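Engineer: For the sequence shown, position 64 matches number 63 in numbering that gives the first Met the number 0, and the numbering has no gaps at all. Positions of the beta carbon are idealized from the N, C-alpha and C atoms, including for glycine. Just so it is clear, the structure is predicted and the values come from calculations on it, not from any experiment.
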Amino acid sequence: MDKMSHHKQCAREVDWQIRSNRPLIYICTHEEERVMSALINICDRRKNGDKWTIYTWDIANRLECNNPKAAMPTNGEDADQLGVLTWFDSLSVGLGLPEEGYTILVLKDYQKFLERGEVSDQIEKQVVRQLRNMCQKYKYQHKCVILLGIDLHLSPELQKLSTVIDWPLPEKEHIAEQITKMIDSVKKRDDLKHFETDYSDEDMEEIIGSLQGLTLNEIELLNSYIVLTHDRLSPMLMASRKREIIRQSGLLDWRDVNVGIDDVGGMAEFKKWFQKRKNAFGNDAKEYGLPDALKGVLAVGIQGCGKSRLAEALAAYYELPLLRMDVGALFSGVLGTTEENIRTAIKVAESVAPCILWIDELEKGFSGSGSSSYTDGGTASRVFATFLTWMQMKTKPVILFATANDISSLPPELIRKGRFDEIFFVDLPNIYERKEIFQIHLSLRGRDFKKFDLDTLVADSDGFTGAEIEAAILDSLYVGFEDGRRDITTEDIRQSLSETVPISIQMKEQVDALRQWAKTRARHASVPRHGSAIQSEIARMKSQNRVIDSVQIDDNEEL
């Protein structure tokens, strides 16, 4: 049996809510036309043949109705937001209200007339009070009010009286239908003979995927533009429209990726984990029994060790958009806005799916959620709860990539099993990884790493993070540029390293505590290097008079 689309599920949910005498329904959508079509179908397609009456109101067009015999205002009672409520409430059986079926009032953009924190006048307070009065009566009458808007805003007094439905954006079947309709139209036009109309199944799948996240109206306009300016449908051009969605939201950053997975030194276990899952998407994987998408991973570790760089590299490797969410920036001083921000950010990310959602330094956003009721009225707790629910229940292919430096400040419910597919610990790079990091950063800056004594640099950089190694190379480049733009040498980099106090010394206690935590609670991002191999490398370095700290390592211990 085919799975019911989200669009049909929402339509059925509205039908059930109306028939169960729910007095107030809030529908969040960017597609008024599509939702109104669904609501009219609900009202028209009754089994007993009796249509429900549906009134539609907005501040510009005022009141309209699907039933020409229905009662309508005669003295301009529907001219403002309060008047239309008063008029609708006055309808009763014998006075404009049908004896059978339900009567529904759809109010478009009505959230603009509700109270928003402390910014409210008497009219807003009257509107809220009137809606409360109506809700209390409509539980026993066949009347229902539906609020239709692009964002969610309900006064606290109305939250318990209403139900909220997030109407989905067009799904694959709707997009395919729109594309087919457009292609059929193009075939009939002699002036568009240049445009390609034959596409393989693989091409169509890619085209449909590139349009997911857009409204039907946006898809129609974009297709019309492409037909006039290009000779075929271009998934790349279509996907670029998603960048505009991100920019318009103001809540997420679309990150341009300019590094590959080979530009990240070390962390081979981390890379291998993702490489195994690269092709585990699509219908074949689903039929095999795999989930539709990854939940995501949490990368915990010492700052400067490449966690953020890996997020960009994975986006390039998976060929997916990379969106960055700054949790701290979502919080706002206006009551109710922060909760709205997190919901909007999640919707935007899902509209661009498949994608990678990167949350850097997760602990800075959610570390105080447990005690927020004492500091911010519970806003952080509610935002945190919304985020946790989304993590657990999400069905869209949004791969969460979160990083944290201080695991101790994260709420335990965030890092329990099931929230993430895996938790990785990113440690200081070992001698093998430091050598790879030197090679990468020297090559990125146009230097031949074979001309440098990498073994000496690796020995001198014991305890350094990847970021600190990169900083030492940059510092030596400044020295060389100032000194007649000469090329840099091994000694220049050694001098820069010697002048740096690495974070492993500055924050030794925190680093040791994090390593202790990770021993039994996280998977290591690096390939295990047995102690005997590392001791041999250390002995070789010492035999060449290279200074390196002595380390006692068990045969099964990682460095």
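Return the first residue and the last residue of the alpha helix (DSSP H) that residue 417 is part of.
Structural biologist: Walking along the sequence shown from the start, residue 417 turns up at place 418. Residue 417 -> no alpha helix (DSSP H), and no H or E assigned at all.
Engineer: Runs of 4 residues minimum, wholly inside the stretch 211-241: which ones carry the alpha helix (DSSP H) assignment?
Structural biologist: 215-228
Engineer: Taking C-alpha atoms, which residue in 349, 355 and 390 lies nearest to residue 311?
Structural biologist: The residue labelled residue 311 in the question sits at position 312 within the sequence shown. Distances from the CA of residue 311 to each of 349, 355 and 390 were compared; the closest alpha carbon is that of 355.
Engineer: Look at the alpha carbon of residue 146 and the alpha carbon of residue 94, and state the distance between them as a whole number of angstroms.
Structural biologist: Locating residue 146 in the sequence shown gives position 147, counting from the first residue. Locating residue 94 in the sequence shown gives position 95, counting from the first residue. Near 24 angstroms, if we compare the C-alpha coordinates of residue 94 and residue 146.
Engineer: Please confirm whether residue 303 and residue 432 have their CB atoms less than 8 angstroms apart.
Structural biologist: Taking the first residue of the sequence shown as position 1, residue 303 is located at position 304. Taking the first residue of the sequence shown as position 1, residue 432 is located at position 433. Cβ atoms of residue 303 and residue 432: not closer than 8 angstroms.
Engineer: Does the stretch 506-524 come into contact with the stretch 423-439, if we say contact requires no fewer than three beta-carbon pairs (one atom in each stretch) closer than 8 angstroms?
Structural biologist: yes
Engineer: Going along the chain, which residues of its own chain have a beta-carbon closer than 7 angstroms to the beta-carbon of residue 476, five neighbours each way excluded?
Structural biologist: Mapped onto the sequence shown, residue 476 falls at position 477. So the qualifying residues of the chain are 444 and 487.
Engineer: Along the chain, where does the beta strand (DSSP E) that runs through residue 26 open and close?
Structural biologist: Locating residue 26 in the sequence shown gives position 27, counting from the first residue. From DSSP, the beta strand (DSSP E) with residue 26 extends over 23-27.
Engineer: Please classify residue 63: does DSSP put it in a helix, a strand, or coil?
Structural biologist: By 1-based counting over the sequence shown, the position of residue 63 is 64. Reduced to three states, the DSSP call for residue 63 is strand.
Engineer: Checking the sheet assignment: what are the DSSP bridge partners for residue 94?
Structural biologist: On the sequence shown, residue 94 is found 95 positions in, with the first residue counted as 1. According to DSSP, which records beta bridges pairwise, residue 94 is partnered with 91.
Engineer: Specify the secondary structure class of residue 301 as computed by DSSP and reduced to three states.
Structural biologist: Position 302 of the sequence shown, counting from 1, holds the residue named residue 301. Coil.
Engineer: Identify whether residue 294 lies in helix, strand or coil by the three-state DSSP scheme.
Structural biologist: Here residue 294 refers to the residue found at position 295 of the sequence shown. The answer is coil: DSSP assigns residue 294 none of H, G, I, E or B.
Engineer: One question on the structure: do residue 110 and residue 152 come within less than 8 angstroms of each other, judged by their Cβ atoms?
Structural biologist: Counting from one through the sequence shown, the residue named residue 110 turns up at place 111. Counting from one through the sequence shown, the residue named residue 152 turns up at place 153. Closer than 8 angstroms, so yes.
Engineer: Are the stretch 1-14 and the stretch 33-53 in contact at 8 angstroms, needing three or more beta carbon pairs?
Structural biologist: In the pairwise beta carbon analysis, the stretch 1-14 is classified as touching the stretch 33-53: at least three pairs are separated by under 8 angstroms.
Engineer: How many angstroms separate the CA atom of residue 509 from the CA atom of residue 361?
Structural biologist: Taking the first residue of the sequence shown as 1, we reach residue 509 at position 510. Taking the first residue of the sequence shown as 1, we reach residue 361 at position 362. Distance between the alpha carbons of residue 509 and residue 361: 17 angstroms.
Engineer: Identify the continuous alpha helix (DSSP H) that holds residue 365 and give its terminal residues.
Structural biologist: For the purposes of this step, residue 365 is identified with residue 366 of the sequence shown, where counting begins at 1. From DSSP, the alpha helix (DSSP H) with residue 365 extends over 362-365.
Engineer: Of the residues 64, 130, 140 and 104, which one's Cα is nearest the Cα of residue 92?
Structural biologist: Stepping through the sequence shown from its first residue, residue 92 is reached at position 93. For the residues 64, 130, 140 and 104, the minimum Cα distance to residue 92 belongs to 140.
Engineer: Inspect the beta-carbon positions of residue 52 and residue 74 and report whether they are closer than 8 angstroms.
Structural biologist: By one-based count along the sequence shown, residue 52 stands at place 53. By one-based count along the sequence shown, residue 74 stands at place 75. Pairing residue 52 with residue 74 gives a Cβ-Cβ distance that is not under 8 angstroms.
Engineer: Between residue 557 and residue 274, what straight-line distance do the alpha-carbon atoms span, to the nearest angstrom?
Structural biologist: As a first step, residue 557 is located in the sequence shown; it is residue number 558 there, counting from the start. As a first step, residue 274 is located in the sequence shown; it is residue number 275 there, counting from the start. Reliability fails at residue 557, whose pLDDT of 41 lies under 50, so the model's placement of it is uncertain and no value is given.
Engineer: When DSSP labels each residue in this structure, what does residue 195 get in the three-state scheme?
Structural biologist: In the sequence shown, residue 195 corresponds to position 196, counting from 1. In the structure shown, residue 195 sits in coil (DSSP, three-state: anything other than H, G, I, E or B).
Engineer: Need the endpoints of the alpha helix (DSSP H) that residue 253 sits in, please.
Structural biologist: In the sequence shown, residue 253 corresponds to position 254, counting from 1. Counting along the chain, residue 253 falls outside any alpha helix (DSSP H), though it belongs to the beta strand (DSSP E) covering 251-254.
Engineer: In whole angstroms, what is the alpha-carbon distance linking residue 592 and residue 19?
Structural biologist: Residue 592 is absent from the model: the chain starts at 0 and stops at 558.
Engineer: For residue 300 and residue 515, what's the separation of their Cα atoms in angstroms?
Structural biologist: Counting from one through the sequence shown, the residue named residue 300 turns up at place 301. Counting from one through the sequence shown, the residue named residue 515 turns up at place 516. Going by the C-alpha atoms only, they are around 11 angstroms apart.
Engineer: What are the residues that DSSP puts in a beta bridge with residue 54?
Structural biologist: The sequence position of residue 54 within the sequence shown is 55, counting from 1. Paired residues: 64 and 104.
Engineer: For residue 294 and residue 456, which I take to be in contact (beta-carbon distance under 8 angstroms), what is that distance rounded to the nearest angstrom?
Structural biologist: Within the sequence shown, the letter at position 295 stands for residue 294. Within the sequence shown, the letter at position 457 stands for residue 456. With a Cβ gap of about 39 angstroms, residue 294 and residue 456 do not count as contacting.
Engineer: In angstroms, rounded to a whole number, what distance separates the CA positions of residue 322 and residue 416?
Structural biologist: Locating residue 322 in the sequence shown gives position 323, where the first residue counts as 1. Locating residue 416 in the sequence shown gives position 417, where the first residue counts as 1. Distance between the alpha carbons of residue 322 and residue 416 is about 24 angstroms.
Engineer: Using the Cα positions of residue 298 and residue 427, report the straight-line distance between them to the nearest angstrom.
Structural biologist: Translated into the one-based positions of the sequence shown, residue 298 becomes position 299. Translated into the one-based positions of the sequence shown, residue 427 becomes position 428. Their Cα atoms are separated by approximately 13 angstroms.
Engineer: Whole angstroms is fine: what's the gap from residue 130's alpha carbon to residue 288's?
Structural biologist: The residue given as residue 130 occupies position 131 in the sequence shown. The residue given as residue 288 occupies position 289 in the sequence shown. Cα-Cα distance, rounded: 48 angstroms.
Engineer: Using a 10 Å radius around the Cβ and a threshold of 16 neighbouring Cβ atoms, would you call residue 154 buried or exposed?
Structural biologist: In the sequence shown, the residue the question calls residue 154 occupies position 155. The residue in question, residue 154, is buried, as its Cβ has 16 or more Cβ neighbours within 10 Å.
Engineer: Buried or exposed: residue 430, going by 16 or more other Cβ atoms within 10 Å of its Cβ?
Structural biologist: For this step, residue 430 is matched to residue 431 along the sequence shown. Buried, because 16 or more other Cβ atoms sit within 10 Å of the Cβ of residue 430.
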